[in-house]
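The numbering of the sequence shown is UniProt numbering, which starts it at 1 and goes up by one.
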Amino acid sequence: MYNPQLPTDGSHASKGSAMSSGACNQQTERQGNERIRFLLKCFGLRTSLIRLKVIDALLSAAEGDRSLGVRGVHSHLLDLDIPLSFLSVREVLKRLCSEGVITLNPDKSYSLHPQAVAVLHGEQSGQQASLKA
């Protein structure tokens, strides 16, 4: 019996494995996003896609011992096919700085504030009280 949703070349297995690896990547991304969502909540900020992606870009750079400025973060997001304007990225970075989530380094690059790193690593027991003060 003919099913128009199935490929006719017999490639059922490869398509299924591609879908399962995609689901795995989505689950991993969700777990990473949950950490960032929690971080934003601890600092009293709402979650937005641009904040999630900007913080994720800074985390990725830190893991690779790189530093990113506004242009670096913007380029990283464009490489991920996230079409945000340079001005939007700059404004989000400025807001995250003013709220204490990230810091502007002397070389004009951005990094997570030590308190934010502590929250991400689960050391928020005494940190939440100091964040609210």
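Glycine is no exception: its CB is placed at the ideal position from the N, C-alpha and C atoms.
Exercise for review: Go through its chain and collect everything with a Cβ distance to residue 83's Cβ below 6 Å, but skip five positions before and after it.
Suggested key: Cβ contact annotation for residue 83 (same chain, cutoff 6 Å, sequence separation greater than five): none.
For residue 87, which of 69, 100, 101 and 63 has the nearest alpha-carbon?
The shortest C-alpha to C-alpha distance from residue 87 to any of 69, 100, 101 and 63 is the one to 69.
### Query
Should residue 67 and residue 111 be called a contact, given that it needs their Cβ atoms to be closer than 8 Å?
Judged by their CB atoms, residue 67 and residue 111 are nearer to each other than the 8 Å cut-off.
- Thinking C-beta only, is residue 62 closer than 8 Å to residue 77? At a Cβ-Cβ threshold of 8 Å, residue 77 and residue 62 do not count as neighbours.
Alpha carbons only, please: which of 102, 90, 94 and 98 is nearest the one belonging to residue 36?
The alpha carbon of residue 36 has as its nearest neighbour, out of 102, 90, 94 and 98, the alpha carbon of 102.
Could you name each continuous beta strand (DSSP E) segment of 3 residues or more that falls completely within the stretch 59 to 126, going from the start of the chain to the end?
Runs of the beta strand (DSSP E) inside the stretch 59 to 126: 102 to 104 and 110 to 112.
Practice problem: Please check the pair residue 73 and residue 93, which I expect to be a contact at CB under 8 Å, by giving their CB distance rounded to whole angstroms. | Solution: The pair is a contact, with the Cβ atoms about 7 Å apart (cut-off 8 Å).
Looking at residue 121 and residue 100, is the spacing between their C-beta atoms short of 8 Å?
-> No, the Cβ-Cβ distance between residue 100 and residue 121 is not below 8 Å.
#### Entry: Distance CB(residue 33)-CB(residue 52) smaller than 8 Å
Between residue 33 and residue 52, the CB-CB gap stays under 8 Å.
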